[in-house]
Each structure stands twice: as C-alpha cells, then as structure tokens.
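2 protein chains.
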Amino acid sequence: MNTLANDTFLRALRRQPTDYTPVWLMRQAGRYLPEYNATRKRAGHFLALCKSPELACEVTLQPLERYPLDAAILFSDILTVPDAMGLGLYFAEGEGPKFERPVRDEAAVKNLAVPDPSAELRYVTDAVRTIRAALGGRVPLIGFSGSPWTLACYMVEGGGSGDFRQVKSMLYRRPDLMSRMLDVNADAVAAYLNAQLAAGAQALMIFDSWGGVLADGAYQQFSLAPMRRVLAQLERRDDEPVIVFTKGGGLWLEDIAAIGCDAVGVDWTVNLGRARALIGDRCAIQGNLDPMVLMAGADQIRAETMKTLDAFGASAPGVGHVFNLGHGISQFTPPDSVAVLVETVHAYSRSLRQREGSMSLL
Amino acid sequence: MNTLANDTFLRALRRQPTDYTPVWLMRQAGRYLPEYNATRKRAGHFLALCKSPELACEVTLQPLERYPLDAAILFSDILTVPDAMGLGLYFAEGEGPKFERPVRDEAAVKNLAVPDPSAELRYVTDAVRTIRAALGGRVPLIGFSGSPWTLACYMVEGGGSGDFRQVKSMLYRRPDLMSRMLDVNADAVAAYLNAQLAAGAQALMIFDSWGGVLADGAYQQFSLAPMRRVLAQLERRDDEPVIVFTKGGGLWLEDIAAIGCDAVGVDWTVNLGRARALIGDRCAIQGNLDPMVLMAGADQIRAETMKTLDAFGASAPGVGHVFNLGHGISQFTPPDSVAVLVETVHAYSRSLRQREGSMSLL
Chain A
2 MNTLANDTFL
12 RALRRQPTDY
22 TPVWLMRQAG
32 RYLPEYNATR
42 KRAGHFLALC
52 KSPELACEVT
62 LQPLERYPLD
72 AAILFSDILT
82 VPDAMGLGLY
92 FAEGEGPKFE
102 RPVRDEAAVK
112 NLAVPDPSAE
122 LRYVTDAVRT
132 IRAALGGRVP
142 LIGFSGSPWT
152 LACYMVEGGG
162 SGDFRQVKSM
172 LYRRPDLMSR
182 MLDVNADAVA
192 AYLNAQLAAG
202 AQALMIFDSW
212 GGVLADGAYQ
222 QFSLAPMRRV
232 LAQLERRDDE
242 PVIVFTKGGG
252 LWLEDIAAIG
262 CDAVGVDWTV
272 NLGRARALIG
282 DRCAIQGNLD
292 PMVLMAGADQ
302 IRAETMKTLD
312 AFGASAPGVG
322 HVFNLGHGIS
332 QFTPPDSVAV
342 LVETVHAYSR
352 SLRQREGSMS
362 LL
Chain B
2 MNTLANDTFL
12 RALRRQPTDY
22 TPVWLMRQAG
32 RYLPEYNATR
42 KRAGHFLALC
52 KSPELACEVT
62 LQPLERYPLD
72 AAILFSDILT
82 VPDAMGLGLY
92 FAEGEGPKFE
102 RPVRDEAAVK
112 NLAVPDPSAE
122 LRYVTDAVRT
132 IRAALGGRVP
142 LIGFSGSPWT
152 LACYMVEGGG
162 SGDFRQVKSM
172 LYRRPDLMSR
182 MLDVNADAVA
192 AYLNAQLAAG
202 AQALMIFDSW
212 GGVLADGAYQ
222 QFSLAPMRRV
232 LAQLERRDDE
242 PVIVFTKGGG
252 LWLEDIAAIG
262 CDAVGVDWTV
272 NLGRARALIG
282 DRCAIQGNLD
292 PMVLMAGADQ
302 IRAETMKTLD
312 AFGASAPGVG
322 HVFNLGHGIS
332 QFTPPDSVAV
342 LVETVHAYSR
352 SLRQREGSMS
362 LL
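These protein sequence lines are chains A and B, in that order. According to the numbering used here, the residues represented by the first sequence are 2 to 363, in order. According to the numbering used here, the residues represented by the second sequence are 2 to 363, in order.
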C-alpha cells in the first residue's frame, strides 16, 4: 500500500523473517538530546511542543537524523485524552503531569464523555499527517495512547502517585464507578487511536504504564479487559500491528497475548527466552534492555545488548523480536551511548542470522 | 525450647498443619495507629524511637493489644546496618531516609566494613531482648534486616530513588565494585541477624524491597546471590524460619525458593495458587493482599480477604500460608479496617479447614 524504504519493524511485529532485529527506543525523542531541548525551549513548554504539529514533527524526526532507528514514534503525551475530556492537564516545573480537575467522585465520573478526536485532539492527527509526510517512507510511524487504566490513574490521582491510593480506593470501594470510567476511557482511546490510524499511523502502541501496580485479578479486570475493549474497536485497514506494553506485567504475558494484540512489550525483569516460549507462537515481543545500561561504558553496553539479543533464543534468531528498552530512555543518557546500542543491535543480530544460515548449510 | 501460647505462625512457616491461617502485617506498628504516633511524638523523632529499646518495645506491642495478630515484629528500620557503618542515617521531615555520606566511588566502597552488632547495633539486640520479655510467649517475635542489595540502593543513592540511576550505574559500570559492596553488606546482614537470633528472635525476615527493580539476570547476581550468602551464615539453633521477600519478585519465585529460605513473601501481583504450585513443596508462602483494599468498606475487605485465602487453593487449605499484605500497611488505613481483616483471616480460614475436614469424612 504505502511503500516503505525500511519495513523491518513491521515485519518483525508480524513475526516475519527480517535481515536483522529492528530497534527503536521508548522516549527516543526526549531530553537526552540537545536538539530536543533546543526545540522544547523554542516551544516555551512541553505541552506547547505537543500541541504544535510542526514542532512535534521536528522532534519526532530528530533521533532518526542521529541514529539508524527502524521506527519513528509520534511525539505526544499519554495524557492528551483526559486533557481533551476537560480535566486541565498541566506540567508544574520539575514535577510530572497534573490535572486541575481530578476525577474523585460519582458526579465527576458521570460527567466524563468521549472526546471527538477530530475536534479536541485535532493537533495530534495533524501531527501524524505532518510526520508521515516528513518521513517520506523512510521508516514506519507508530501512533500511541495511554491505556484506559493508566489514564484513570492520572485522572483520579490528579498526577503521579507513589501508592495509587486514590485510584485504588475508588477501585476497591466502587468497582462499578471505576468500570464506568474505564469504559469511557476505552472508547475514548479507541476513537483516538482510530483517528491516528486514519491520519497515517502505521503501527500502534498502548502504554499501560501503571497496570503493574494492580493485584492479580484486578489487573485482568481493570486494565486488561479495557484494553481488549480498545482493541476490539480498532479499524485497522492495513492490518497495522498493535503493541501492548504493561510495565511490570511480566506475570501476565499469556493473558496479554490473548487480547488480540500483535506484540507484547516487556520490561527488563522479564527473561526474553521465557517470554518467547510462553507467547512467541502468537505475538512478537518488544524489549527489554534496562535503560540504565546506557550509563555504562561502550563495552558494557555492547555486552548487555548482545546478552539481550541472545536471551531471545538461538533458534530462528530474532524472528518476532523488536529491540527496545524496558522503559523510557533516561534524560541523563549520553547520546553517544545510544549510537553504540543501535549499532550493536543491528550488527550483532545480523551476525546471529548469518551464523544460523551457515549452520543450516552444514 | 521456648514455650509459646500461640505458635501458629511458626508452624505455618514450617508447612505444618494449623487450625487457621496465621496473620501479621508488614509495618503493623506504624503511623495508622494513634498510639504509635503518640509514642513517636514522645520519642521526638523516628530514629530516637528505633534507638530506644523501651520505646521500640512499646510500639512493637501496640498492634497486638488491638488485634489478635499471630506474630510480633521487631520495631526498627531497615537502614540500621549502613547507619552502623558510619554513613549517617537521617530522616528529613516529610521525606524518606537519607544518608549524609552516600557510597559513590571506589574509595568509599573500600572503606566499608562489617559493623560489630554488639557495639554499634546494641540498641537493636537490646530491643529484641526487651520485647521477648514483654511478649511473655504470647506470639513469636520476628527479627529482620534489609537485603544486601536493598541496603546498597540506599547507600549509593543516598536516599530513595525513582530510577535507581546511581546504584545501577555502579552496577553496570563497575560490577566488581558492586559485588565487593554486596559482600560486605551480606556479611554485615548475617552478623546482624545472628545477633538478633542470639537475643531471642524466633523467626527472621529479609526485606528485599528493591530487588524487583533489577533486570532478570542482574537480580540473580546482585540480589539473590548475596541473600544466599546471608542465609549460609545464619546460626539457627532452634531452626528459626527465614522469610525472604523480594517486592516485585514474582517472576523469580523458584530462584528465591532455592536459596535456603523457609518462606517466600509475595506481593499482590502474584497469584497465590500459582505460587503454591511452583514452590509450595519447598517453601511456605507469605502474602499478599493489596494494602489499599483496607481503604474500602468492611464488606469489600472481607470479600478480598476471602478471595486471597481461596486463591491459595482448596487442597490442604492454608497449609504453608502466612497471611500478610503484599507491602507495608498505609499510614492512611483506618484502624477498624485492620480488625475486619484479621477477624476474617482467622474465621474464614478456620471454616475452610472445617469444610475440608467434613468433606474428607464423606
């Protein structure tokens, strides 16, 4: 349909053979890059950067200029949807995201409605279109959203949290209310992701950043089921692959693989070989280097990167693996470390395939 | 040896049959209790409370006056050992623990030495003796320590951390230095726990609060192996059971069960039935209610508590299960909620055993 110069990422998500293991990094357009900080400064503040399609496009492409990454990801925030619901997203300097009007009671939940992506979230779909044009088919563009549960965490807590007391209080006291909120969130996320697809996103990722704080049982009910509801509503005309990433969800890989996604993101606590044995016949796997490895020297970065590629397993090396960090890249990462990482993923994963190729000739 | 009025907790840790499932709560002597806050106020500050054997004894016993808990746990802090190493532990108001002299370089690591528990940590063993006398054999007393890795996190970071950047940088850059530090920590923890045993602790718990932030592989090397080193050095004259609790360690239960502990603590992300199937033939299991359940009403607390007891499994109900939360109790917990929890654990677990008893008569 749309010709790509490099479709390795999409092929890996579909578990098709590739010449090497594709790599991109969560938060690859971020504060570790001086050029990102310069654009952000020009924008004035973080939200202005998100809300300008031109500037969002500019920072989306910056890491691709530096490194031969195999995918671009829409530059945006995971909290655009609740912002569009009217909760008043803002960023206090030096703190994380906050909402002016957190959702704490029944009345507030009942007031929630699915925002129209073509109105309140137009700046996002405009960014998708702008980025697609600027990419010119170099690599695929990933669209994304926070998961319904992760959005609910911020919406109820009103910001980040250490113990998730407010949102879990609502969950345990009023599961009916929590479910109602998650239904709205799921429908809002689905509409949002569909708008991104229509605008040109070639793959999607759902960031379930806070699914891992839930108890077994509660996770399935309050995070996984709403994500299934999202997936069921997606209109994927080109069979665009969807990645679901629950941070701290390593105990639930089989549950996640069953909701209809194409790939499961895993953090660094997961053994990639074990993950592949559990779900590799159904889903691709994305991950999972500890971002803090990038604080070490080049030799250690190479060694840990190779260890991660090896962990995925020797048979059919790398088929169904997308290399990534296990979480967003740290703002304190030296940019040169990323170059070492990307180069190692490409070179070493090629050599693994060649080794298997020559072995199969014996 | 020492006669106990209630040895249910010790029997459960040894996987012997019990009349009901024993229960205690991490941080059961804590800020949710008004009487604790009163004593703490009298002490002046938190560390003064830890360092006074009489006041530590007073707060240790407070929850036992309110609730029919099946174990007491020494009131202390997990950072007493690095404090005794001379790092200067202090608590800034409203913040977590901090160290005046964090361990950041080779020289600082090489300076570390195992403190003499009979000198710098005398206040802890005095507290153990005082509490044992005051308990008069009602229930067993648990001694505890932070794990070598968890101590290292605070020692290197100099306090709490969101990304563990400093300690992981040392780990990935200088694994030799990190291993040296962990060896000292392990030997210090072993000496500390042995002193607690000698003073009368009847069970031990190792809190590996931050093991779960490590990557698969790094966990086994930098958290589990040092805990194994601790266990190998313990002098358990009465076969005192040892519980190892890695928060976020649900993916490594079989590895943990193999290091020589009697019980494995699990947080709420773990399915208790699955944990039992994996390691129940070797270890007891402690856990795992989400502390935030206690923010709900009495009916929901009862339902979630029963669900937790049921999850452990119907066959030989409760054998080898110690009920606990999956993490420390929140300071915002209504004290009456704890009464509901403890009562439900006792009553419902008794009924499960009676049901099985009557079924086996059929």
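Where is the CB? At the ideal position from N, CA and C, for every residue including glycine. The structure presented is a predicted model; accordingly, all values stated were derived computationally and were not measured.
ask   = Residues bridged to V323 (chain B) by DSSP?
value = For V323 (chain B), DSSP records a beta bridge to B:Q287.
ask   = Does any residue of chain A bring its CB to less than 8 Å from the CB of A299 (chain B)?
value = Residue-level contact check: A299 (chain B) does not touch chain A, since none of the beta carbons of chain A fall below 8 Å from its beta carbon.
inquiry  = On a Cα-Cα basis, can you pick out the residue from B:D177, B:L279, B:E241 and B:M206 that is closest to G314 (chain B)?
reply    = Comparing alpha carbon positions, the residue from B:D177, B:L279, B:E241 and B:M206 closest to G314 (chain B) is B:L279.
key: Three-way DSSP call (helix, strand, coil) for A196 (chain A) in this model   = Here A196 (chain A) sits in helix by DSSP.
task = Establish whether the CB of W269 (chain A) and some CB of chain B are separated by less than 8 Å.
result = Any Cβ of chain B closer than 8 Å to the Cβ of W269 (chain A) would place that residue at the interface, and such an atom is present.
ask   = In three-state DSSP terms, what is K99 (chain A)?
value = If DSSP states are grouped into helix, strand and coil, K99 (chain A) belongs with the strands.
ask   = Given a threshold of 16 other Cβ atoms within 10 Å of its Cβ, counted over all protein chains shown, does E158 (chain B) qualify as buried or as exposed?
value = Under this definition E158 (chain B) is a buried residue.
ask   = Just to check, is the beta-carbon of S146 (chain B) closer than 7 Å to a non-hydrogen atom of the ligand SAM?
value = Of ligands this structure carries none, so the ligand SAM is not represented either.
request  = With a 10 Å radius around its C-beta and 16 neighbouring C-beta atoms as the bar for buried, classify K52 (chain A) as buried or exposed.
outcome  = K52 (chain A) is buried by the Cβ-count criterion.
query = Taking the alpha carbon of A83 (chain A) as the point to measure from, which residue in A:R123, A:P149, A:V24 and A:I132 has its own alpha carbon closest?
reply = Residue 83 (chain A) is actually Pro in this sequence, not Ala. Considering only alpha carbons, the answer is A:P149.
inquiry  = Starting from L247 (chain B), trace the beta strand (DSSP E) in both directions and tell me its first and last residue.
reply    = The sequence as given places Thr at residue 247 (chain B); Leu does not occur at that position. V243 to T247 is the extent of the beta strand (DSSP E) around T247 (chain B).
inquiry  = For a minimum of 3 consecutive residues, which ranges assigned as the beta strand (DSSP E) are wholly contained in the segment 295-341 of chain A?
reply    = The qualifying runs are 322-326.
task = Run the CB neighbour count on H347 (chain B), radius 10 Å, all protein chains shown included, and call it buried at 16 or more, exposed below.
result = Counting other Cβ atoms within 10 Å of its Cβ, H347 (chain B) reaches 16 or more and is therefore classed as buried.
Pick from A:P103, A:T151, A:I74 and A:V267 that is closest to Q29 (chain A), judged by C-alpha positions = If we check each option's Cα against that of Q29 (chain A), A:I74 comes out closest.
ask   = When we look at the beta-carbon of H328 (chain B) and count the other beta-carbons within 10 Å, is it buried (16 or more) or exposed?
value = With 16 or more Cβ atoms within 10 Å of its Cβ, H328 (chain B) is classed as buried.
ask   = By the criterion of Cβ-Cβ separation under 7 Å, what are the contact partners of A216 (chain A) in chain B?
value = In chain order: W269, T270 and D291.
inquiry  = Taking only three categories from DSSP, how would you classify L26 (chain A)?
reply    = In the structure shown, the three-state DSSP call for L26 (chain A) is coil.
inquiry  = With H, G and I counted as helix, E and B as strand and the rest as coil, what does DSSP make of S146 (chain B)?
reply    = Here S146 (chain B) sits in strand by DSSP.
request  = Report the residue from B:P54, B:L215, B:Q167 and B:N272 whose alpha carbon sits nearest the alpha carbon of D311 (chain B).
outcome  = Out of B:P54, B:L215, B:Q167 and B:N272, B:N272 has the C-alpha closest to the C-alpha of D311 (chain B).
request  = Report yes if the CB atom of V231 (chain B) is closer than 8 Å to the CB atom of A299 (chain B), and no otherwise.
outcome  = Cβ distance not < 8 Å, so V231 (chain B) and A299 (chain B) don't count as in contact.
ask   = Are the C-beta of D263 (chain B) and some C-beta of chain A separated by less than 8 Å?
value = Cβ-Cβ to chain A under 8 Å: no for D263 (chain B).
inquiry  = Rounding to the nearest angstrom, what Cα-Cα distance links A39 (chain B) and G218 (chain B) in this structure?
reply    = Straight-line Cα distance between these residues: approximately 45 Å.
ask   = Nearest chain B C-beta to F313 (chain A) closer than 8 Å, yes or no?
value = It does not; no Cβ of chain B falls within 8 Å.
message = Counting only C-beta atoms, is L252 (chain A) closer than 8 Å to chain B at any point?
response = Look at L252 (chain A): its C-beta is under 8 Å from a C-beta on chain B.
task = Check whether the Cβ of E59 (chain A) lies closer than 8 Å to any Cβ atom in chain B.
result = For E59 (chain A), no Cβ of chain B is located within less than 8 Å of the residue's own Cβ.
request  = Hey, could you find the ends of the alpha helix (DSSP H) D256 (chain B) is sitting in?
outcome  = Its alpha helix (DSSP H) spans residues L254 to A258.
key: Proximity of G249 (chain B) and G249 (chain A) at Cβ, strictly below 8 Å   = Going by C-beta atoms, G249 (chain B) is nearer than 8 Å to G249 (chain A).
Strand pairing of M206 (chain B), partner residues [DSSP] = DSSP output for M206 (chain B) lists B:F145 and B:I244 as bridge partner(s).
query = How long is the line joining the alpha carbons of G144 (chain B) and M206 (chain B), rounded to whole angstroms?
reply = Each residue's alpha carbon lies about 6 Å from the other.
key: C-alpha distance - P227 (chain A) paired with Q301 (chain B), whole-angstrom precision   = The straight-line gap separating the alpha-carbon atoms of P227 (chain A) and Q301 (chain B) is approximately 22 Å.
request  = Can you have a look at P318 (chain A) and say buried or exposed, based on whether 16 or more other CB atoms are within 10 angstroms of its CB?
outcome  = Counting Cβ neighbours within 10 Å, P318 (chain A) comes out buried, since at least 16 surround it.
query = Count the other CB atoms within 10 Å of the CB of S77 (chain A); is the residue buried (16 or more) or exposed (fewer)?
reply = Per the 10 Å Cβ criterion, buried.
task = Measure the alpha-carbon distance for V294 (chain B) versus D164 (chain A) and round it to whole angstroms.
result = Between V294 (chain B) and D164 (chain A), the C-alpha separation is close to 12 Å.
query = What whole-angstrom Cβ distance do M156 (chain B) and V104 (chain B) have, given they're in contact under 8 Å?
reply = M156 (chain B) to V104 (chain B), Cβ: 5 Å. Contact.
inquiry  = Any C-beta of chain B within less than 7 Å: which residues of the segment 320-350 of chain A qualify?
reply    = For the segment 320-350 of chain A, the set of positions with a beta-carbon nearer than 7 Å to some beta-carbon of chain B reads S331 and F333 in chain order.
request  = Identify the contact partners of F76 (chain A) in chain B, using a Cβ-Cβ distance below 7 Å as the criterion.
outcome  = Within 7 Å Cβ-Cβ: nothing; F76 (chain A) doesn't reach chain B, min ~21 Å.
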